[in-house]
Amino acid sequence: MSDGTTGAAPAALTQMLARASVTPRLLAEPGPSVSELEMAISAALTAPDHGMLRPWRFVTIEGEARARLGALMVASLLRRMPDAPTEALAKEEHKPQRAPLVIIAGAAIRHGHKIPVWEQEASAAAGIMNLMHALEAQGYGTFWSSAPSLLDPEMKQALGFPETDRLLGFIHVGTLAGPKPEPHRPAPAAYWRAWSGI
Ligand SMILES: Cc1cc2nc3c(=O)[nH]c(=O)nc-3n(C[C@H](O)[C@H](O)[C@H](O)COP(=O)(O)O)c2cc1C
Numbered sequence: 001m002s003d004g005t006t007g008a009a010p011a012a013l014t015q016m017l018a019r020a021s022v023t024p025r026l027l028a029e030p031g032p033s034v035s036e037l038e039m040a041i042s043a044a045l046t047a048p049d050h051g052m053l054r055p056w057r058f059v060t061i062e063g064e065a066r067a068r069l070g071a072l073m074v075a076s077l078l079r080r081m082p083d084a085p086t087e088a089l090a091k092e093e094h095k096p097q098r099a100p101l102v103i104i105a106g107a108a109i110r111h112g113h114k115i116p117v118w119e120q121e122a123s124a125a126a127g128i129m130n131l132m133h134a135l136e137a138q139g140y141g142t143f144w145s146s147a148p149s150l151l152d153p154e155m156k157q158a159l160g161f162p163e164t165d166r167l168l169g170f171i172h173v174g175t176l177a178g179p180k181p182e183p184h185r186p187a188p189a190a191y192w193r194a195w196s197g198i
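Residue numbers (UniProt numbering): 1 to 198.
So this is what it looks like as structure tokens:
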């Protein structure tokens, strides 16, 4: 608990309470530097990790590589929907272009391990949240999205993930091109109750 003298804990908490996703179309250049990214990944690696399995995996995609990701996503869509309309294909192709940096966040899963898969995925997801907070703390906007292509084994392989990994999302990162959103957050009371066992 803070005694109000150092200011460190309140500052971190203030930042955490102000966290808000920024829609990818409002994420402009520049993206984070390598050292800023390293800080964010380091934050991800502090997530709780039952069994020290280190399930966190991040693949960064910037610049021209985003076009190649778009092509993979189009190919994936065509596998799911061979007669997908041209507009849908164009939309899919454009998705990675919306932010200067797209991070594919995955979980390296040890199947058959005594630590259940859900705990490994939960640890990886906790890492993603830390990563997003760390990027926000350094002045960037972030957005976590998912898509059916993340379940596509061919897409997974093309991105260099083993078949057994779970892809948990695309994390879009960039500099805010407008004011930071201030979403309405629910009051905590409805999400919290004490249990006394009586
Ligand atoms: C695993 C996961 C996947 C998500 N996928 C999408 C998505 O595909 N599209 C979307 O609009 N929002 C998606 N969201 C929600 C947004 O990231 C974001 O949380 C939401 O827009 C609410 O904004 P907020 O984070 O500021 O409350 C996803 C969130 C999570 C945790």
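A virtual CB, placed ideally from N, CA and C, is assigned to each residue, including glycine.
Remember, it's a predicted structure, so these values are computed and weren't measured experimentally.
Reference residue i, options the options, closest by Cα
i, options, result
"P181", "R19, L69 and I198", "R19"
"M132", "A187, F170, F161 and A158", "F170"
"R185", "P32, A137 and M16", "M16"
"V22", "L151, G197 and F143", "F143"
"E64", "L101, P82 and L151", "L101"
"P116", "K91, P24 and M52", "M52"
"S145", "M129, T14, S35 and G112", "M129"
"V74", "A90, P162 and W195", "A90"
"I61", "E38, R79 and L159", "L159"
"F161", "W56, R66, L37 and P183", "W56"
Distance CB(residue i)-CB(residue j) smaller than 7 Å
i, j, result
"A28", "G127", "no"
"I109", "V59", "no"
"G178", "L26", "yes"
"H50", "E121", "no"
"A124", "A107", "yes"
"A99", "H172", "yes"
"G141", "L176", "yes"
"L135", "A40", "yes"
"M155", "S76", "yes"
Span of the beta strand (DSSP E) around residue i
i, result
"V59", "W56 to E62"
"W144", "G141 to S145"
Identity of the residues DSSP links to residue i by a beta bridge
i, result
"T175", "A28"
"G106", "R57 and L167"
"L101", "E62 and V173"
Element boundaries [alpha helix (DSSP H), containing residue i]
i, result
"V34", "V34 to A44"
"P48", "P48 -> no alpha helix (DSSP H), and no H or E assigned at all."
"I128", "V117 to A137"
"A158", "P153 to A158"
"K91", "T86 to H94"
Ligand 2 heavy atom lying under 6 Å from the CB of residue i
i, result
"P183", "This structure lacks ligand 2; its bound ligands are ligand 1."
When you compare the stretch 93 to 100 with the stretch 59 to 72, are there three or more beta-carbon pairs, one atom per stretch, that lie closer than 8 Å? yes
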